[in-house]
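For the sequence shown, the residue numbers in this note's numbering are 14 to 148.
Here a beta-carbon is modelled for each residue, glycine too, at the ideal position from N, C-alpha and C.
Please read the structure below before turning to the comments.
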Amino acid sequence: MADKFFLEVVTPQKAVVSEAIQSISAPGSEGEFCALKGHTTFLTSLKIGSIRYKDAAGNERMLFVNGGFAEVLPNKVTILAESAERRKDIDLTRAKEAQARAERRLSDKAADTDIVRAQAALHRAIFRIKMAEIR
Ligand code: ATP
Numbered sequence: 014m015a016d017k018f019f020l021e022v023v024t025p026q027k028a029v030v031s032e033a034i035q036s037i038s039a040p041g042s043e044g045e046f047c048a049l050k051g052h053t054t055f056l057t058s059l060k061i062g063s064i065r066y067k068d069a070a071g072n073e074r075m076l077f078v079n080g081g082f083a084e085v086l087p088n089k090v091t092i093l094a095e096s097a098e099r100r101k102d103i104d105l106t107r108a109k110e111a112q113a114r115a116e117r118r119l120s121d122k123a124a125d126t127d128i129v130r131a132q133a134a135l136h137r138a139i140f141r142i143k144m145a146e147i148r
């Protein structure tokens, strides 16, 4: 049985995860990284993507993460994210509405549209939909 270490995933709204885990992979901005207990210390920013980890009982878990930072210590991984939610908590209808809203903004081409913001919203929505639809 793998050695356990600790995972905390925190957003400005809530603590999403706080539990002992066996392993984790996350979307670092320089590329996907994996960690087990005892990993050397490092700090990285995160892209939009999925965090996958094995909980203490060995169950595979998945979270959506909307950028942020990860601090990896030998005994603990801390993730500070702009927003994050467990795959099972993704509201598919809400994500589809967010996608439609962002697509409308991008196609309307109104002078006051913040294109970068709309593209980021679209990227989040598409990623959430993909994750929610994984079976
Ligand atoms: P929306 O326009 O629907 O608010 P968003 O991408 O702008 O989407 P975020 O800023 O990423 O939303 O997140 C704000 C809060 O709402 C966070 O707590 C996040 O976990 C939650 N959230 C956003 N979209 C969803 C969703 N589809 N299902 C569950 N929670 C969501």
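Alpha-carbon to alpha-carbon, residue j and residue i
| i | j | result |
| --- | --- | --- |
| residue 136 | residue 34 | 29 Å |
| residue 72 | residue 100 | 14 Å |
| residue 82 | residue 40 | 10 Å |
| residue 105 | residue 37 | 25 Å |
| residue 61 | residue 28 | 18 Å |
| residue 23 | residue 126 | 30 Å |
| residue 145 | residue 103 | 6 Å |
| residue 69 | residue 19 | 10 Å |
| residue 88 | residue 108 | 35 Å |
| residue 30 | residue 128 | 32 Å |
Any non-hydrogen atom of ligand 1 closer than 7 Å to residue i Cβ
| i | result |
| --- | --- |
| residue 35 | no |
| residue 126 | no |
| residue 91 | no |
| residue 48 | no |
| residue 97 | yes |
| residue 137 | yes |
| residue 134 | yes |
| residue 103 | yes |
| residue 24 | yes |
8 Å contact criterion, which residue i and residue j should meet: CB distance rounded
| i | j | result |
| --- | --- | --- |
| residue 56 | residue 84 | 5 Å |
If contact is defined by three or more beta carbon pairs under 8 Å, each pair taking one atom from either stretch, is the region 86 to 94 in contact with the region 105 to 121? no
For the pair the region 42 to 55 and the region 103 to 113, tell me if three or more CB-CB distances fall below 8 Å. no
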